[in-house]
Structures are given as C-alpha cells and as structure tokens.
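Engineer: Residue numbers (my numbering): -9 to 277. Below is the structure I would like to discuss, written out as structure tokens.
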C-alpha cells in the first residue's frame, strides 16, 4: 500500500510539474513578446486577448507610456514657449543698443528714449526669469507643505497693505476681523498676491478692487476688462495672455500658472467667473 501511495505521489508531482511548466510557458511567451516590442520601439504595445494577466499588464503599460508621452509633449511645448518669451525682450534690448550705436551720437534724444525702453525690457526679462525660477522650484518641491492654523484676517490685511503700495486702484476688504483657518499660509498669501496684481493689471486706475473672504474661500473682485468665456479654461496655463486687449498689458504670462501650481500642491481650488456689470472674480477655495 505504501508503494501505491508513493507511486501516486510521484505521478501527481510530475503531472503538477508539467501543468506548471505548461502554464508558465503560456504566460511567459506573451510577456517575452511584450518585452521584444518594448525594446524595438517606444510606441504603444499590441494588447493580447489572453492570458488576462498579460492583457492587464499591457493595458497598464500603455497607460504609462501615454502619460509619459503627454508629459514629454508638455515639457517640449513649455521649452518652446520659454525660448520665445526670453527671445523677445533680448532681441528688443539688442535692437535699442544697436540704435544708440548707429544714431545716438548725432541724435542725443534717441539715447534717452532708448534707455527708457531698455529699462522696461530689462525689467520684463528680470520678472520672467524670476517667474521661471519660481516654477522650477515648485516643480522640484512637490512635497510636504506646512499646514498650520493661522489668522486669515491678518494674512489678508497684510497682503492687501503690501500690494496696495504698488497699485493705483484702491483695494477694499470684506471679511471677519478674527477668522482663523488651517492651511498653508505661504501658498495662500502667494496666490492672493498674484490675484491682486492681476486685478490691478487689467483694471483702470480709477476702479476698485474688492477682497471678500470667509472660512471657505477668498474672492478677488475687479472692475476690469473681464475674460471671455472661451478663455477661462486656459487662463491658468503657462504663458497664456488671452485676447489682444489682455495681451497688450505688461506681465510675463506666468503669474496665474504659478498660482495654480501652489493650489495643486496644497489642494486649494481655483476658479474664475464674470463680475457684473463688468470685471472678473477670481476665487480661491479651501478644502
């Protein structure tokens, strides 16, 4: 009887071994084929019908490749945009220097006028470089952001006082005197600063800007030129300047993109809507 049990055990072992080898071969062959396709090119893989495990692997791999391709395309577009934006003030500066060299000696008035343009273009270049450095720092600091309880009332008051020094428009605040929330105070202050500067840039000097806030959100309301509905979805994109009337205003086209990056890192919602009868409302909502 013991001999019979031993024979059955041995037979079962070899049958099991054969089944495992057969199944392994069935599983490994599609994987080997996928590996060959990966080595040959970086395009999407053909999805096999079976086995299910390999099919799922190929689908997930294609999803990864698609996301990487989208990321590469975005970075290539960003590099192209940066090159264009940097080239514009540099070419302007070189042009005015050339003008001074050619005509400055015989026409002294050209020197003063050109220096004004050089000052403006060099400031634009400085602002652009600073904004690009800010975006680079944000991209490398997708990390822990300090969450703390702080006085939102004091933060709004301090930010408004600081920005007011640089704007012609008068800024009014509407909110509780003593209101505290728990979030990243630095990110909120930076976003609010960008919203206020943006409102001032696209509003007439004699208009008003309002900052309304509570424990859920901050609204920055201006009486400016407004934003067309089809542009609202793009307004937070890098280098997006909108229609001609907005594009003529000074700025790097990166401010709202920086605000969006701060918002993403700190789970803050940003949105924009019309203000009637005219103007725009930028909203920062806390989660």
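Think of the CB as a built atom: it goes at the ideal place given N, C-alpha and C, for glycine as much as any other residue.
Let's see if you can read the secondary structure: which residues bound the alpha helix (DSSP H) around residue 96?
Structural biologist: Looking at the DSSP string, residue 96 is not in any alpha helix (DSSP H), and its letter there is neither H nor E.
Engineer: I want to know whether the region 101 to 120 touches the region 147 to 160 - three or more CB-CB distances under 8 Å.
Structural biologist: In short, these stretches do not touch, since the Cβ pair count stays below three.
Engineer: State the Cα-Cα distance for the pair residue 265 and residue 76, rounded to the nearest angstrom.
Structural biologist: Spanning the two alpha carbons is a distance of roughly 34 Å.
Engineer: Compute the Euclidean distance between the alpha carbons of residue 201 and residue 245, then round it to the nearest angstrom.
Structural biologist: So the alpha carbons of these two residues sit roughly 18 Å apart.
Engineer: If you draw a straight line from the C-alpha of residue 194 to the C-alpha of residue 212, how long is it?
Structural biologist: So the two alpha carbons sit approximately 10 Å from each other.
Engineer: By Cβ distance, which residues of its chain are closer than 8 Å to residue 262, with the 5 residues on each side in sequence left out?
Structural biologist: Only 217, 222, 225, 270, 271, 272 and 273 meet the Cβ criterion.
Engineer: Going by C-alpha distance, which of 199, 141, 172 and 165 is nearest residue 185?
Structural biologist: Cα-wise, what sits closest to residue 185 is 199.
Engineer: Of the residues 276, 257 and 228, which one's Cα is nearest the Cα of residue 122?
Structural biologist: Nearest C-alpha to residue 122: 228.
Engineer: So what's residue 142 in DSSP terms, helix, strand or just coil?
Structural biologist: The answer is helix: DSSP assigns residue 142 an H, G or I state.
Engineer: When the Cα atoms are used, what is the spatial distance from residue 164 to residue 142?
Structural biologist: Taking the straight line joining both Cα atoms gives about 12 Å.
Engineer: Kindly indicate which residue of 275, 190, 86 and 51 has the alpha-carbon position closest to the one of residue 173.
Structural biologist: That would be 275, whose Cα lies nearest to the Cα of residue 173.
Engineer: Compute the Euclidean distance between the alpha carbons of residue 97 and residue 81, then round it to the nearest angstrom.
Structural biologist: For residue 97 and residue 81, the distance between alpha carbons rounds to 22 Å.
Engineer: Of the residues 205, 192 and 91, which one's Cα is nearest the Cα of residue 268?
Structural biologist: Checking every option, the nearest Cα to that of residue 268 belongs to 192.
Engineer: To the nearest angstrom, how far is the alpha carbon of residue 183 from that of residue 37?
Structural biologist: Residue 183 and residue 37: Cα-Cα distance of roughly 50 Å.
Engineer: What's the gap between the Cα of residue 109 and the Cα of residue 124?
Structural biologist: Going from the Cα of residue 109 to the Cα of residue 124 covers about 23 Å.
Engineer: In whole angstroms, what is the alpha-carbon distance linking residue 56 and residue 258?
Structural biologist: Distance between the alpha carbons of residue 56 and residue 258: 27 Å.
Engineer: For residue 259, write down the residues that DSSP places opposite it in a beta bridge.
Structural biologist: Paired residue(s): 275.
Engineer: Would you decide whether residue 277 is buried or exposed? Buried here means 16 or more other CB atoms lie within 10 Å of its CB.
Structural biologist: The residue in question, residue 277, is exposed, as its Cβ has fewer than 16 Cβ neighbours within 10 Å.
Engineer: So within the region 146 to 178, which uninterrupted beta strand (DSSP E) runs reach at least 3 residues, ignoring any that extend past its ends?
Structural biologist: Counting whole runs of 3 or more residues, the region 146 to 178 contains the beta strand (DSSP E) stretches 160 to 164 and 170 to 173.
Engineer: Residue 209: buried (16+ other C-beta within 10 angstroms of its C-beta) or exposed?
Structural biologist: Per the 10 Å Cβ criterion, buried.
Engineer: Can you give the Cα-Cα distance for residue 161 and residue 138, rounded to whole angstroms?
Structural biologist: Residue 161 and residue 138: Cα-Cα distance of roughly 27 Å.
Engineer: Have a look at 107, 255, 86 and 157 and flag the residue whose alpha-carbon is nearest the alpha-carbon of residue 188.
Structural biologist: It is 157 whose Cα lies nearest to the Cα of residue 188.
Engineer: How would you write the range of the beta strand (DSSP E) that residue 212 sits in, first residue to last?
Structural biologist: Per DSSP, residue 212 belongs to the beta strand (DSSP E) from 207 to 212.
Engineer: Between the Cα of residue 214 and those of 106, 93 and 196, spot the shortest distance and give me the residue it belongs to.
Structural biologist: Of the listed residues, the one whose Cα sits closest to residue 214 is 196.
Engineer: Closer than 8 Å by C-beta to residue 365: which residues in its own chain qualify, once you throw out the five before and the five after it? Chain order, please.
Structural biologist: Lying before the first or after the last residue shown, residue 365 is absent from the chain, which here runs from -9 to 277.
Engineer: Mind checking whether residue 90 and residue 100 have CB atoms under 8 Å apart?
Structural biologist: Result yes, Cβ atoms of residue 90 and residue 100 sit closer than 8 Å.
Engineer: Thinking just about the alpha-carbon of each residue, which of 180, 220, 190 and 87 is nearest to the one in residue 154?
Structural biologist: Cα-wise, what sits closest to residue 154 is 190.
Engineer: Taking 8 Å as the limit between beta carbons, can you name the residues of its chain near residue 168, skipping five residues before and five after?
Structural biologist: Cβ within range, chain order: 141 and 143.
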